[in-house]
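Shown next, in structure tokens, is the structure this report addresses.
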Amino acid sequence: MKLRTRNPDGDKIEMQMSSMIDVVFQLLIFFMLTLKIIEPEGDFDINMPLGAPAQSSVEPDLPPLKVRMIADANGQLAQLTFNGRDMGRGDEAFQRLNLEVLKSVNALSAAGPGTVDKQEVEIDPDYALDYSNIIAAIGACSGKMENKKMIRYISRIKFAPIRAEE
Amino acid sequence: MKIKSSGSSVPDVDMTPMIDIVFQLIAFFMVITNFEQQQADERVSLPKDQLAKPPTVKRENALTLNLGFEKNKEGEITDPTPYIFFAGGEKLTVGNCDRKLREEAQFYQTIGVKLADVTVEIRADAGVDSGLVQTLIQKCQERGIEFQRFALKATQKVM
């Protein structure tokens, strides 16, 4: 009587691992190739009243804060003015703008709750001014980063009518 | 004299740890890979700002307009006129894009999305004229197109 071939439970069942490794490598290479590293992008919301100023919802006794930016021949910032006050040029101009906006915001919050939320900033750039200055101005008016958290100054940003190309 | 006469044998390498490592790598890449395609044209180099945070709540309806310059392999600008890069290789100047913007607006109306819910995300190169971006925003508000919400994009500057 031929007994069943010994197959005690101690014996391991042999598996061919090489094919699995091949498939796994294929998957790995696929994912490595489809990986695309994208820089995180943020954005700033713009409040653009439709059409003529007559339709705008600005409060009559809360005039917008005006930021005027004048460009030089190369599109760089020649002068930044905040409500008529000269802030200078370059990165310092935006830092000064940030401080001035903070002062305005503090004055507004002293005036009453909810006033700061209604306050608008109007950005008025020269046509040829580089776009990066717009973003810097919007950033300076929007708030400040403190300890990785953002403190919000003004939330409503709009643009002045377009200045004609010279 | 006992001579070791066993033939040359390939040493047995235990493959199990290697498979474990490879599984770890695959799991990592599977989690990292984001199959959602954002309409971000690589030719546009956005300006940097500290406060540019990605929105915490993802916008449902966003129309992305990529406004940038044609650049060569070294990254130098080859054409001084900025174009809006549309899908399919189409590129238009801001002055010529009225028809295309109208098509986009009509597309949203056709699928039943209110234009008041659509945000136009403008990804403009840092060197584009400000007046041109303003013109583009104005065009998007013209009669017949009438987008209402806008956002300007920038990359986050890490101090």
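Sequence lines, in order, name chains X and V. The opening position of the first sequence corresponds to residue 10 in my numbering, with each subsequent residue numbered one higher. The opening position of the second sequence corresponds to residue 17 in my numbering, with each subsequent residue numbered one higher. Positions of the beta carbon are idealized from the N, C-alpha and C atoms, including for glycine. Model, not experiment: these values are computed from the prediction.
Would you say X/LEU108 faces chain V, with C-beta separation under 8 Å as the test? The C-beta of X/LEU108 comes no closer than 8 Å to any C-beta of chain V.
The alpha helix (DSSP H) with X/ILE143 in it runs from where to where? 140-151 is the extent of the alpha helix (DSSP H) around X/ILE143.
What residues in its chain sit with their C-beta under 6 Å from that of V/PHE101, if we drop five residues either side in the sequence? The beta carbon of V/PHE101 is closer than 6 Å to those of ASP57, ASN82, LYS107 in its chain, skipping five residues each way along the sequence.
Which residue comes first and which comes last in the alpha helix (DSSP H) that contains X/ASN115? Residues 99-120.
Going straight from the alpha carbon of X/ILE143 to that of V/GLN164, what length do you get? If you take the alpha carbons of X/ILE143 and V/GLN164, they lie about 20 Å apart.
Check whether X/GLN79 and X/ASP135 have beta carbons under 8 Å apart: The sequence given here places Ile at residue 79 of chain X; Gln does not occur at that position. Yes, the pair counts as a contact, with Cβ atoms nearer than the cut-off.
Using only the heavy atoms of the ligand COA, determine whether one of them is closer than 7 Å to the beta carbon of X/ASP95. By its list of ligands, the structure shown contains no ligand whatsoever, and the ligand COA lies outside what it can speak to.
Proximal residues, the segment 113-128 of chain X versus chain V, C-beta separation under 9 Å: Under the 9 Å Cβ criterion, the segment 113-128 of chain X contributes no residue.
Alpha carbon to alpha carbon, how far is V/GLN64 from X/SER141? Position check: residue 64 of chain V holds Lys in this sequence, whereas Gln was assumed. So the two alpha carbons sit approximately 8 Å from each other.
Just to confirm my understanding: we take V/LEU131, look at its own chain, exclude 5 residues before and 5 after, and list those with CB closer than 8 Å. What are they? In chain order, ALA121, TYR124, GLN125, GLU162, PHE163, GLN164 place their CB closer than 8 Å to the CB of V/LEU131, counting only its own chain and leaving out the 5 sequence neighbours on each side.
So is X/SER164 in contact with chain V if we call contact Cβ pairs under 8 Å? No, because no Cβ of chain V sits closer than 8 Å to the Cβ of X/SER164.
Helix, strand or coil for V/ILE138? Go by DSSP, reduced to three states. Reduced to three states, the DSSP call for V/ILE138 is strand.
Report the rounded CA-to-CA distance for V/MET49 versus V/VAL174, giving the unit in angstroms. The question names Met, yet the displayed sequence has Thr at residue 49 of chain V. Each residue's alpha carbon lies about 23 Å from the other.
Hey, how far is the Cα of X/GLU109 from the Cα of V/SER61? Answer to the nearest angstrom: the Cα atoms are 30 Å apart.
Identity of the residue in X/ARG98, X/ASP139, X/SER28, X/ILE166 nearest V/PHE166 by Cα: Nearest of X/ARG98, X/ASP139, X/SER28, X/ILE166 to V/PHE166, Cα basis: X/ILE166.
V/LEU152 at chain X interface by Cβ criterion, 8 Å: Closer than 8 Å: no.
Helix or strand or just coil, what does DSSP make of X/GLN64? Reliability fails at X/GLN64, whose pLDDT of 43 lies under 50, so the model's placement of it is uncertain and the value that follows must be treated cautiously. Looking at X/GLN64 - three-state DSSP - the assignment turns out to be helix.
Pull up the DSSP beta-bridge partners for X/PRO183, would you. For residue 183 of chain X there is no data in the structure shown, the boundaries of chain X being 10 and 175.
What ranges does the beta strand (DSSP E) occupy inside the segment 73-117 of chain V, keeping only unbroken runs of at least 3 residues that lie completely in it? Counting only runs of 3 or more residues that sit fully inside the segment 73-117 of chain V, the beta strand (DSSP E) segments are 77-84, 99-101, in chain order.
Would DSSP call X/MET26 helix, strand or coil? Of the three classes helix, strand and coil, the one that applies to X/MET26 here is coil, per DSSP.
Closest to X/ARG172 by CA distance: which of V/ARG159, V/GLY128, V/GLN154 is it? Nearest in C-alpha terms to X/ARG172, of all of V/ARG159, V/GLY128, V/GLN154, is V/GLN154.
Within the 8 Å Cβ cut-off, does V/PHE39 reach chain X? Yes, V/PHE39 lies at the interface with chain X (some Cβ there is under 8 Å from its Cβ).
Looking only at C-alpha atoms, which of V/ARG59, V/GLN55, V/ALA68 sits nearest to X/GLY51? Between X/GLY51 and the set V/ARG59, V/GLN55, V/ALA68, the nearest pair of CA atoms involves V/ALA68.
From which residue to which residue does the beta strand (DSSP E) around V/LYS155 run? Unbroken run through V/LYS155 is the alpha helix (DSSP H), 146-157; no beta strand (DSSP E).
With 16 other CB atoms within 10 Å as the buried threshold, where does X/GLN128 fall? So X/GLN128 ends up on the buried side.
In the DSSP assignment, the alpha helix (DSSP H) including V/ILE42 goes from what residue to what residue? Where V/ILE42 is concerned, the enclosing alpha helix (DSSP H) stretches over 32-48.
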